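Reading through the structure tokens given below for one structure.
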Ligand SMILES: [Zn+2]
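In the numbering used here, the protein residues as written are 12 to 289.
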């Protein structure tokens, strides 16, 4: 079920929201980034890895949203990491089983709710903010943390393989979804994050978004440009021409227009509250 996208880097695309799980081969086993969503898909991934004689030696969650915090018992008991802010946010939002049940009820779409294993949801260890790389025995994986989409969001740069794992940034199917909870300036934060990603990874050959299609050479800049145009239009209240919202959106992605409408409303409320025009 795995598809190679670069030397020693493979992905599995879920049926749920084109979520991409990423496998990176190391010397003693694999690193698994955002392991997947549906239980049977994660079990199948675990089987394929063990058939190939591989064990998972480390996991990483790019950010504290439920669909990036899952795990399956068959993937084993390797340490699972996230940024310190990501782990702290998980601790806040998922203190106990009741909170997990609430997440399941409120956030997981009904049609898949029974297929998402929650036992191991969010069991991650925060890496100290000064740690610039994932601690594991494999190609260097640089943690590029930024303030956008969710607290402690991190992209991962595997420089020697020319791969950027972008988390929920730089998607061809999802518009930029801002982190509107408790951040002073989500718009400028998002623009700064796009600039940061372009600065460190503009010339990578393989871009793997959390949801959507893998991009090739030039796609970091192309998608960052599209995302910047979206965020600026949102900020300035300008009309939007974005293929991800509206009638040209891909089949099954019409809900993205609803996300856009909610962001517009939330920003309008913010500017009313702050007394700023626009
Ligand atoms: Zn997310």
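Using N, Cα and C, we set each Cβ at its ideal position, and we do this for glycine too. Predicted model only: the values in this text are computed from it and were never measured.
| message | Residues in the same chain with beta-carbon distance under 6 Å from residue 178, minus the five sequence neighbours each way, listed in chain order, please. | response | 73, 74, 164, 166, 221
| residue 29 (DSSP reduced to helix, strand or coil) | coil
| field | Assigned secondary structure, residue 257 (DSSP; H/G/I helix, E/B strand, else coil) | value | Reduced to three states, the DSSP call for residue 257 is coil.
| said: Quick check: the Cα distance between residue 263 and residue 116, rounded to an integer number of angstroms? | reply: Rounded to the nearest angstrom, the two C-alpha atoms are 21 Å apart.
| Contained beta strand (DSSP E) runs [length at least 3] in the segment 58-103, N- to C-terminal order | If only uninterrupted beta strand (DSSP E) runs of at least 3 residues are considered, those enclosed by the segment 58-103 are 67-71, 91-94.
| task | Using only alpha-carbon positions, find the residue among 248, 195, 260, 231 that is nearest to residue 284. | result | Among 248, 195, 260, 231, the Cα nearest to that of residue 284 is on 195.
| message | Quick check on this structure: which residue in 34, 77, 254 has the alpha carbon closest to the alpha carbon of residue 172? | response | 34
| task | Reducing DSSP to helix, strand and coil, say where residue 158 ends up. | result | coil
| What first and last residue would you give for the alpha helix (DSSP H) that runs through residue 198? | 197-212
| query | Got a sec? Which residues, its chain only, sit under 8 Å from residue 90 by beta carbon, not counting five neighbours each side? | reply | Result list for residue 90: 69, 70, 136, in chain order.
| Integer-rounded CB distance, given that residue 160 should sit under 8 Å from residue 123 | Wrong, their Cβ atoms sit about 22 Å apart, outside the cutoff.
| task | State yes or no: is the C-beta of residue 223 nearer than 8 Å to some heavy atom of ligand 1? | result | no
| message | Considering only heavy atoms of ligand 1, does any lie closer than 8 Å to the CB of residue 179? | response | yes
| Taking 8 Å as the cut-off, does the CB of residue 32 come closer than this to any heavy atom belonging to ligand 1? | no
| said: Following a CB-centred definition, is residue 76 positioned closer than 8 Å to any heavy atom of ligand 1? | reply: At a threshold of 8 Å, residue 76 counts as near ligand 1, since its beta carbon sits closer than that to one of the ligand's heavy atoms.
| message | Just to confirm my understanding: we take residue 100, look at its own chain, exclude 5 residues before and 5 after, and list those with CB closer than 8 Å. What are they? | response | 75, 161, 162, 163
| message | I need the straight-line Cα distance from residue 81 to residue 49, nearest angstrom please. | response | 9 Å
| said: Distance check for residue 234 and residue 28, CA to CA, integer angstroms please. | reply: 18 Å
| query | From which residue to which residue does the beta strand (DSSP E) around residue 217 run? | reply | 217-219
| query | Buried or exposed: which applies to residue 22, given that a residue is buried once 16 or more other Cβ atoms fall within 10 Å of its Cβ? | reply | buried
| message | On the DSSP letters alone, give me the boundaries of the alpha helix (DSSP H) that residue 283 sits inside. | response | 266-285
| request: On the DSSP bridge assignment, give the partners of residue 136 in chain order. | output: DSSP, once it has assigned bridges, lists 92 as partnering residue 136.
| Where do the N-terminal and C-terminal ends of the beta strand (DSSP E) with residue 14 fall, by residue? | 14-17
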